[in-house]
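Take a look at the structure set out below.
Numbering (the working numbering), first residue to last: 1 to 231.
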């Protein structure tokens with residue numbers, strides 16, 4: 001997939017990006033490269049988007065992140081029509097648009113993080129192994145499997161995201177959202193870390209990890225809200 005000529009991933013040229021869209025594209029590419037550098041994706045897997053008004057700059061399909069340039073800005077409107085660039089948008093566009101249509105999120109990160117993907121094959125919900133689950137809105141659910149790039153997968157994801165800012169996709173990976181690209185990325189990293197902790201603790205023979213209760217998590221959520229009001 002990575003070896004195909006870039007022209008195979010191009011469409012007809014659309015309008016020129018505004019300065020705000022160009023800045024968002026630069027930040028998006030930097031975030032996408034972080035997912036690769038941190039081992040959250042391999043090759044051209046995973047995708048990142050950011051909302052700028054009614055336009056959604058998004059990573060293109062089949063192009064390694066280290067090859068993207070400022071001139072490669074790619075974006076769609078909220079109906080999925082391409083309005084920026086000539087590269088074909090990611091095949092996971094339905095996931096991203098579903099989030100923007102139903103929430104006030106400003107950015108979405110989707111990865112194939114190893115530990116998170118492993119957890120998605122084992123349980124319907126990530127056990128409450130750490131209080132940072134509160135930063136994602138509560139216990140992280142696993143969306144039932146559906147083929148990638150489909151509306152079915154997008155619908156499953158939305159149900160798993162209800163009241164949350166992150167979820168797992170069964171036998172697939174992660175989706176997180178946030179007000180900014182940095183926040184969405186940080187939530188992805190936190191989710192992957194919690195999955196790694198649970199897998200590590202669960203692997204000790206003869207022992208069962210201690211888990212937080214819903215009440216303990218609710219207390220953390222309240223403390224986080226108070227922290228936000230103080231700072």
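C-beta atoms are modelled at their ideal positions from N, C-alpha and C, and glycine is treated no differently.
Rounded to a whole number of angstroms, what is the C-alpha to C-alpha distance between residue i and residue j?
i           : j           : result
residue 32  : residue 44  : 10 Å
residue 116 : residue 47  : 16 Å
residue 196 : residue 65  : 25 Å
residue 86  : residue 149 : 20 Å
residue 231 : residue 123 : For residue 231, the pLDDT reaches just 42, beneath the cut-off of 50, and the residue's location in the model is therefore unreliable, although a value from the coordinates is still provided. The alpha-carbon atoms of residue 231 and residue 123 are separated by roughly 36 Å.
residue 136 : residue 225 : 13 Å
Are the beta-carbon atoms of residue i and residue j separated by less than 8 Å?
i           : j           : result
residue 107 : residue 49  : yes
residue 56  : residue 78  : yes
residue 126 : residue 139 : yes
residue 203 : residue 171 : no
residue 177 : residue 105 : yes
residue 61  : residue 94  : no
residue 129 : residue 189 : no
residue 52  : residue 24  : yes
residue 133 : residue 40  : no
Starting from residue i, trace the beta strand (DSSP E) in both directions and tell me its first and last residue.
i           : result
residue 55  : 55-57
residue 174 : 173-178
residue 75  : 75-77
Nearest to residue i by alpha carbon, out of the options?
i           : options            : result
residue 17  : 84, 203 and 68     : 84
residue 143 : 158, 227 and 131   : 158
residue 98  : 87, 186 and 110    : 110
residue 71  : 59, 81 and 80      : 59
residue 180 : 40, 210, 28 and 19 : 28
residue 209 : 198, 26 and 103    : 198
What are the boundary residues of the alpha helix (DSSP H) that residue i is part of?
i           : result
residue 128 : Counting along the chain, residue 128 falls outside any alpha helix (DSSP H), and DSSP gives it neither H nor E.
residue 155 : 151-161
residue 199 : 181-202
residue 119 : 114-120
For residue i, write down the residues that DSSP places opposite it in a beta bridge.
i           : result
residue 94  : DSSP lists no partner for residue 94.
residue 49  : 58 and 108
residue 15  : 84
residue 141 : 125
residue 166 : 176
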